[in-house]
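In this text, residue positions in the sequence shown follow full-length UniProt numbering: the first is 1, and each later residue adds one.
Cβ atoms here follow ideal geometry from the backbone N, Cα and C, with glycine treated the same way.
Bear in mind that the values here come from a model prediction, so they are computed numbers and not experimental data.
Presented below is the structure to which this report refers.
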Amino acid sequence: MAHLPTPPFDRAADWVGQHLGHLVCDPGTPAEPARRGGQRAADSALASLDIAGYAKRRSQVHPAPSRGATVLSPYIRYGLISLAEATAAVADAPAADRRKFVDELWWQEYARHLYARVGTRNAAPLRREPAVAATPWPEPLRDDMVCMRETRDELERTGWLVNQTRMWLASHWSVRAGNDWRDGEEWMFRHLLDGSRAANRYGWQWSVGAMAAEAYGFSRWQVDKRAQAWCGSCPLAENCPIEDWPTATPGGAVDDALLRSGPDLAGPEAAEIAGIPEQVWLTAESLGERDPALAAWPHTPAVFVFDEPLLHQLRLSTKRLVFLTETLAEIAEQREVRILLGDPVAELAGVALASTFAPVPGYERRVAKLNVVAAYPYPWARRPSGGDVRSHSAWIRNSPSRR
Ligand SMILES: Cc1cc2nc3c(=O)[nH]c(=O)nc-3n(C[C@H](O)[C@H](O)[C@H](O)COP(=O)(O)OP(=O)(O)OC[C@H]3O[C@@H](n4cnc5c(N)ncnc54)[C@H](O)[C@@H]3O)c2cc1C
């Protein structure tokens, strides 16, 4: 076990290189994240949020100033901004933009519900086998295709992409080029600042036709519409290899009984207090200043464990660990934070903990072996109820009023 020193916010990248450099996929690569970590940056992004034009421009790709996407996702992913807070922040926005934005927040909640149902099983097809490419490509992310090069580079450089280009990459990688979607998902997960198994696996499953009747097709048509200048500067413009839609055979149906109904990892409905905690255990789902466990015990030291065996396997990118480190550095400005490197179950054994539930299988496995004396509910926008999660539309039909 290693007890790591408190990271200084402005030296987070050096700190990551020094203490976590052996665990990243890109050692020595400077971090150029699309967003800085920490509650201050999250709150300032929320305070300056302006979604006028969002409905029309959310899927715009290039040039960057034409984009309408909010880039709130890294803050939402780690619990720095709740879906309720994001919804409240757009109360006065134009109706069409507000409606579209709130719809997208509910896609996030849906992905969380789906994951709370299927957990690690969603590495396997959930409703259909993925579509099979007609003529697989040996080299999908070619440098001479400007659309693929720019998109890949943005992901690897900044850790963020608009929804549109995430779909392009997922479709191109699998539906046209015939690669295993799980390898693509893993690569994207490593780089995304907002990478979550819930939303990333769902996004890939949807794109490759494992959650829908058909796969999502990517061709020049979308690039012309959303990033026209790229086609203009592309050496392949006169001989575009994606001029036509990909032809892929849809996969066969798989047993989706578990999606129709089943138990969900929903966590406690109300706080369950059985003792006085010695430390507040922070997880990747609960890094916000207003996290229920953190807020309930303002004078108790917090603890975060960089899960060394898991990180060794995942090989996350430097920029993603810098984002997390900046977030922890900021919490450490307010209270004592113990930062450990090792296996959370071993590191936290015997410590009386306060913790906010995280609806992910890894949390459930670990918490069963730990001494959580003060457990707090996950801030669901809507608590899972064991109902139909086969599709967003089936699931949303059972949702109470959302606006
Ligand atoms: C292949 C693929 C992989 C993806 N991987 C992730 C991921 O790992 N983590 C992640 O948070 N999102 C993921 N998404 C969903 C979506 O692309 C991102 O949430 C969105 O692009 C983030 O940018 P934004 O904050 O500007 O979104 P905005 O358009 O401003 O939307 C506001 C918020 O709504 C939520 N949201 C928007 N679209 C979606 C969606 N389709 N599914 C779920 N939530 C959504 C996000 O929390 C987002 O921050 C993925 C989508 C695809 C197609």
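- With a cut-off of 8 Å, the C-beta of residue 162 is classified as near ligand 1, since at least one heavy atom of the ligand falls inside that distance.
- Of the other Cβ atoms in all chains shown, fewer than 16 fall within 10 Å of the Cβ of residue 221; this residue is therefore exposed.
- When C-alpha distances from residue 23 are compared across 133, 269, 117, 317, the shortest belongs to 317.
- The UniProt domain "Cryptochrome/DNA photolyase FAD-binding" (154–213) contains, as complete alpha helix (DSSP H) runs of 4+ residues, the segments 163–170, 181–191, 197–207 (chain order).
- Scanning 91, 149, 172, 120 for the CA closest to the CA of residue 131 turns up 172.
- 359 is the residue among 163, 359, 334 whose C-alpha sits nearest the C-alpha of residue 263.
- Bounds of the beta strand (DSSP E) holding residue 307 are 302–307.
- Looking at 155, 376, 281, the one whose alpha-carbon comes closest to that of residue 349 is 281.
- Within the same chain, Cβ atoms closer than 6 Å to the Cβ of residue 372 are found at 353, 355, the five residues on either side in sequence being excluded.
- Here residue 334 carries a helix assignment [DSSP, helix/strand/coil].
- In this structure, the beta-carbon distance from residue 169 to residue 155 falls below 9 Å.
- Under the three-state reduction of DSSP, residue 115 is assigned to helix.
- Of the heavy atoms belonging to ligand 1, at least one sits nearer than 8 Å to the Cβ of residue 203.
- Residue range 279–282 is occupied by the beta strand (DSSP E) that includes residue 279.
- The alpha-carbon of residue 377 is positioned some 13 Å away from that of residue 364.
- Three or more beta-carbon pairs separated by less than 8 Å link the region 76–93 to the region 285–295, which places the two stretches in contact.
- DSSP places residue 355 inside the beta strand (DSSP E), whose first and last residues are 352–356.
- Residue side-chain check: residue 363 keeps its Cβ at 8 Å or more from all non-hydrogen atoms of ligand 1.
- Distance between residue 40 and residue 181, taken at the CA atoms: about 36 Å.
- The C-alpha of residue 311 is placed about 14 Å away from the C-alpha of residue 322.
- Within the same chain, and ignoring the five residues on either side of residue 384 in sequence, the residues whose Cβ sits closer than 6 Å to its Cβ are 113, 116, 264, 266.
- The Cβ-Cβ distance between residue 128 and residue 251 falls below 9 Å.
- If you draw a 10 Å sphere on the C-beta of residue 331, you find 16 or more other C-beta atoms in it, and that means buried.
- Residue 376: member of the beta strand (DSSP E) spanning 371–376, first to last residue.
- A distance below 6 Å between beta-carbons, with the five flanking residues on each side excluded, links residue 243 to the following residues of its chain, in chain order: 220.
- Counting along the chain, residue 131 sits inside no beta strand (DSSP E), nor does DSSP assign it H or E at all.
- Of 18, 61, 31, 126, the smallest CA-CA separation from residue 167 is found for 61.
- The beta carbons of residue 97 and residue 53 sit about 7 Å from each other, so the pair counts as a contact at 8 Å.
- In the displayed model, residue 342 falls within a strand according to three-state DSSP.
- In the displayed model, residue 2 falls within a strand according to three-state DSSP.
- Taken atom to atom, the span from the alpha-carbon of residue 140 to that of residue 57 is near 28 Å.
- DSSP places residue 247 in the coil class of the three-state scheme, outside both helix and strand.
- Within the DSSP bridge table, the entry for residue 95 names no partner.
- Spanning the alpha carbons of residue 334 and residue 299 requires a straight line of approximately 9 Å.
- Distances between the C-beta of residue 206 and the heavy atoms of ligand 1 include at least one below 8 Å.
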